[in-house]
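A short worksheet on the structure shown next.
Number of protein chains: 2
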Amino acid sequence: MARPRTFDEERALDAAVWAFWVKGYEATSTQDLCSATGLGRSSIYNTFSSKRELFTRALARYMDVMTAGQVAVLEQVERSAMERLRALFDVVIDGEFERRVEGRSVGCLTVNTTVEIAGRDPEIAELLARDLERRLASFRGVIEAGQRAGEISTARDADSLAPFINAVIGGMRVSAQGGADRAVLESVADTALVALSGVGSPSRVD
Amino acid sequence: MARPRTFDEERALDAAVWAFWVKGYEATSTQDLCSATGLGRSSIYNTFSSKRELFTRALARYMDVMTAGQVAVLEQVERSAMERLRALFDVVIDGEFERRVEGRSVGCLTVNTTVEIAGRDPEIAELLARDLERRLASFRGVIEAGQRAGEISTARDADSLAPFINAVIGGMRVSAQGGADRAVLESVADTALVALSGVGSPSRVD
DNA sequence: CGCGTTTTAGATAGATCAGTACAGAAACCG
DNA sequence: CGGTTTCTGTACTGATCTATCTAAAACGCG
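Chains E and L are the protein sequences, given in the same order. Just so we're aligned: the first sequence equals residues 1 to 206 in this note's numbering. Just so we're aligned: the second sequence equals residues 1001 to 1206 in this note's numbering.
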């Protein structure tokens, strides 16, 4: 029983998430993390052990929050499957245009981490894989519902279509980081939905 | 006049491309570049001025080679537009499974660079943007040909569909880095082609 | 065979990196 | 209010980073 912390661990973690999100793992120094969180080095190392450990906690927190948000959108049973998928894409697109630094999207920490370090760090790759599976399961659920309701083509099963949705979202995030504007991303989303419905005309309502 | 170089500049550049491709810009040290190229520090700095300069030259070379390869596939006029697009996807997928380190794809240097540094380096972002425009132009050409031939839906114009193809390819590369197997990537490609044709059934011939 | 020029190798510079040591401040309990 | 424990700011460590400096080596040419 002694002196309590003067900072909130979750707030510090959120600040670290943002720092890693914007600059990536390698380019973010421990000094950057001190500045971002407002903590001293001692507090950071006392609380999070190492830069890598802090990163894995930040990544885990990011994935929890973001994936939970996406899953929540996909579980709005009062909407049709197609509406839910469109809502998912809208959430993704809105995110890309809300979270920008110097006029450019910071993308998605999951995608950024997959690209930057999944290939060299099996433990982080495993964290990413678990999150991916969670998202794919959610995608599959909506797709199956859409197929039962006749909204989504049954030419391909949900196991095949879920990775397609995931790939399109990842591609949209990379495109946003590359400078794509909103109309382009919306068009990509529309086209992807066409592929799912299996009919030749998009159905976005403006 | 004076002492000639004992190394080939392009070979050194290719080695640097691979080093940056595998580890990314930040994580690749100048020592890594010396090891990869077989050159001493003096030779590298004498020839390429700085790490960043070497990176921009490596990236430019990568983009030249890769984009030229993709454009060549898309300009095989003896094949139909859909066949050319399928061939493009096949080239992408084959690449993801040919270029691996420790069982994982190294992805695409263009995508990796967009994610890692486009947001913080306008000059590199500009290089990437120019390469993107070159690829999009090639995509548009094939799409328009496909639309004239009745293979590709005219519900959306080529300006809209080209970024879709780009996004799907980017998403496939990220998926590959995340551990997706070949069947998954082929399925994603098939589904994307369905979206272009605007009909409900894929046409892969095994 | 030197002379001028360029490349090369290796040592070095100075900054920055992740991480630690330590001392004192702050808060709780009795 | 004293003892104890935890926290926190600062100084520091050794490694590594990018980049440069120095001097020897290697070539073409007169």
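Where a beta carbon is used, it is the ideal one built from N, C-alpha and C, also for glycine. If you're wondering where the values come from, they're calculated on a predicted model, not measured in any experiment.
Query                                                                                                                      : Result
Neighbour-count burial assignment, Met1001(L), 16 or more Cβ in a 10 Å radius                                              : exposed
Residue burial classification, Glu1010(L) (beta-carbon count within 10 angstroms, cutoff 16)                               : exposed
Under 9 Å between C-beta atoms of Thr1047(L) and Arg1005(L)                                                                : yes
Any chain L beta carbon closer than 9 Å to Asp64(E)                                                                        : no
Pair within 9 Å by beta-carbon distance, Arg120(E) and Lys1051(L)                                                          : no
Bridge partner(s) assigned by DSSP for Val214(E)                                                                           : An answer regarding residue 214(E) cannot be provided, because it is not within the stretch 1 to 206 covered by chain E.
Identity of the residue in Ala1145(L), Arg1140(L), Val1092(L) and Ala1176(L) nearest Ser1080(L) by Cα                      : Ala1145(L)
Check whether Gly178(E) and Thr1067(L) have beta carbons under 9 Å apart                                                   : no
Beta-ladder partner(s) of Arg100(E), from DSSP                                                                             : Ser105(E)
Pair within 9 Å by beta-carbon distance, Ala192(E) and Phe97(E)                                                            : no
Min CB distance Asp1190(L) to chain E below 9 Å                                                                            : yes
Through-space distance from Leu1185(L) to Val77(E), alpha-carbon basis                                                     : 30 Å
The stretch 1149-1168 of chain L in contact with the stretch 1103-1114 of chain L per 3-pair CB rule at 8 Å                : no
Residues near Leu1127(L) in its chain [Cβ-Cβ closer than 8 Å; skip 5 each side]                                            : Thr1056, Leu1059, Ala1060 and Met1063
Neighbourhood of Gly198(E) by C-beta distance below 7 Å, restricted to the same chain and skipping five residues each side : Ser153 and Ala155
Coil, strand or helix - Asp1094(L) by DSSP                                                                                 : helix
Whole-angstrom distance between Glu102(E) and Gly1093(L), CA atom to CA atom                                               : Rather than Gly, the amino acid found at residue 1093(L) in this sequence is Ile. The straight-line gap from Cα to Cα measures roughly 34 Å.
Cβ neighbours of Arg140(E) in the same chain (closer than 6 Å, five flanking residues each side left out)                  : Ala158 and Ala162
Within chain E, partners of Pro1163(L) - CB distance below 7 Å                                                             : Ser175, Ala180, Val184, Ser187 and Val188
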